[in-house]
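Below: the structure, in structure tokens.
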Amino acid sequence: MRLATWNVNSVKARLPRLLEWLATTRPDVLCLQETKCAATAFPTAEVGELGYAVAAHGDGRWNGVAVLSRVGLDDVARGFSDEPGFPDPEARAVAATCAGVRVWSVYVPNGRTPDSPHYLYKLTWLAALRDALAADLSRGPLAVCGDFNVAPTDADVWDPALFVGSTHVTPPEREALAELRRLGLTDVVPTPMKGPHPYTYWDYRAGMFHQNKGMRIDLVYASGDLAALVGNAYVDREARKGKGPSDHAPIVVDLSDGS
DNA sequence: ATGACCTAACCATTAGGA
Numbered sequence: 034m035r036l037a038t039w040n041v042n043s044v045k046a047r048l049p050r051l052l053e054w055l056a057t058t059r060p061d062v063l064c065l066q067e068t069k070c071a072a073t074a075f076p077t078a079e080v081g082e083l084g085y086a087v088a089a090h091g092d093g094r095w096n097g098v099a100v101l102s103r104v105g106l107d108d109v110a111r112g113f114s115d116e117p118g119f120p121d122p123e124a125r126a127v128a129a130t131c132a133g134v135r136v137w138s139v140y141v142p143n144g145r146t147p148d149s150p151h152y153l154y155k156l157t158w159l160a161a162l163r164d165a166l167a168a169d170l171s172r173g174p175l176a177v178c179g180d181f182n183v184a185p186t187d188a189d190v191w192d193p194a195l196f197v198g199s200t201h202v203t204p205p206e207r208e209a210l211a212e213l214r215r216l217g218l219t220d221v222v223p224t225p226m227k228g229p230h231p232y233t234y235w236d237y238r239a240g241m242f243h244q245n246k247g248m249r250i251d252l253v254y255a256s257g258d259l260a261a262l263v264g265n266a267y268v269d270r271e272a273r274k275g276k277g278p279s280d281h282a283p284i285v286v287d288l289s290d291g292s
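Residue numbers (my numbering): 34 to 292.
What follows is the structure, given as structure tokens:
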């Protein structure tokens with residue numbers, strides 16, 4: 034199985050690039066974040082022509098997640114039980130079972146600044162996600178993919194000194210990721226196509242991508258049985274190039290047969 | 001060259017991203 038995740042920063046604005054990428058990369062399952070459209074407005078027919086079924090969760094302008102699959106899409110769950118909101122739950126998680134693998138696409142709240150109510154929301158949301166995953170993990174192989182808005186280590190930001198006091202790198206955020214790993218989830222660290230750091234996000238501004246000043250904030254967390262099947266895993270930085278890219282690059286993970 | 005913000009929404013200014 035080829036599993037991928039991509040924060041597309043609007044599925045409508047990215048549709049031509051998304052379709053081209055699907056046709057060439059041919060993932061079996063793709064998790065999308067920041068689709069920024071209502072579930073009813075998702076371009077289901079367009080991706081359907083490429084053989085993908087869609088489980089979309091979205092309510093308009095902000096957030097929005099989806100799972101695309103060409104190997105089955107069962108037991109779709111939009112959101113999860115006791116999911117925190119701000120104040121109401123947002124479209125930040127969708128799960129489906131694809132060829133026997135429970136796949137989650139998540140878009141973790143940004144947090145803005147450590148003194149913001151949004152930061153507390155982020156930590157609360159991650160703790161609730163942990164509980165929801167714990168319940169799901171007993172059912173079999175599972176992968177949580179998405180934009181976690183947390184850089185797991187200082188090596189995952191281009192200049193750690195610049196991020197002191199900022200969100201995305203604070204100990205409580207990193208501890209929330211550690212809590213996910215304690216469930217038995219493994220951080221599937223992808224190979225960078227260029228340079229030593231598998232960054233997945235580069236700000237649009239100031240030529241950050243061209244200088245490779247990025248962050249690794251998009252993650253694939255796999256249950257142990259699934260992590261053992263990981264072959265090649267890489268960040269597709271080619272998808273960050275050219276005209277009209279997302280500010281995030283996709284992660285592609287190849288799992289050997291048996292998944 | 002990869003090339004110096006982008007997106008969606010009460011349409012033009014703003015919230016949000018990280």
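All C-beta atoms in this analysis are idealised placements derived from N, C-alpha and C, irrespective of residue type, glycine included.
As assigned by DSSP and simplified to three states, the class of residue i
| i | result |
| --- | --- |
| Ser292 | Interpretation of Ser292 is limited by its pLDDT of 45, a score under 50 that renders its predicted location unreliable; no figure is taken from the coordinates. |
| Arg214 | helix |
| Trp158 | helix |
| Ala209 | helix |
| Thr57 | helix |
| Tyr152 | helix |
Test item: CB-CB of residue i and residue j under 8 Å
| i | j | result |
| --- | --- | --- |
| Leu288 | Leu262 | yes |
| Tyr267 | Asp220 | no |
| Asp180 | Gln66 | yes |
| Asn42 | His281 | yes |
Euclidean distance between Cα positions of residue i and residue j
| i | j | result |
| --- | --- | --- |
| Arg135 | Ala99 | 14 Å |
| Pro150 | Gly144 | 8 Å |
| Ala46 | Leu101 | 18 Å |
| Ala86 | Ala194 | 43 Å |
| Ser292 | Leu175 | Because the pLDDT at Ser292 is just 45, under 50, the model does not fix this residue reliably, and the value given afterwards should be weighed accordingly. Straight-line Cα distance between these residues: approximately 10 Å. |
| Ala89 | Pro122 | 15 Å |
| Lys246 | Leu63 | 26 Å |
| Leu156 | Arg270 | 29 Å |
| Tyr152 | Pro142 | 8 Å |
| Asp290 | Ala78 | 29 Å |
Nearest-angstrom beta carbon gap, residue j and residue i [assumed within contact, 8 Å]
| i | j | result |
| --- | --- | --- |
| Val104 | Asp61 | 5 Å |
For residue i, the first and last residue of its enclosing alpha helix (DSSP H)
| i | result |
| --- | --- |
| Asp107 | Element bounds for Asp107: not the alpha helix (DSSP H) but the beta strand (DSSP E), 107–111. |
| Gly257 | 257–260 |
| Leu195 | No alpha helix (DSSP H) contains Leu195, which DSSP labels as neither H nor E. |
Boundaries of the beta strand (DSSP E) in which residue i is found, first to last residue
| i | result |
| --- | --- |
| Val80 | Looking at the DSSP string, Val80 is not in any beta strand (DSSP E); the run it does join, the alpha helix (DSSP H), is 77–81. |
| Ala129 | 126–131 |
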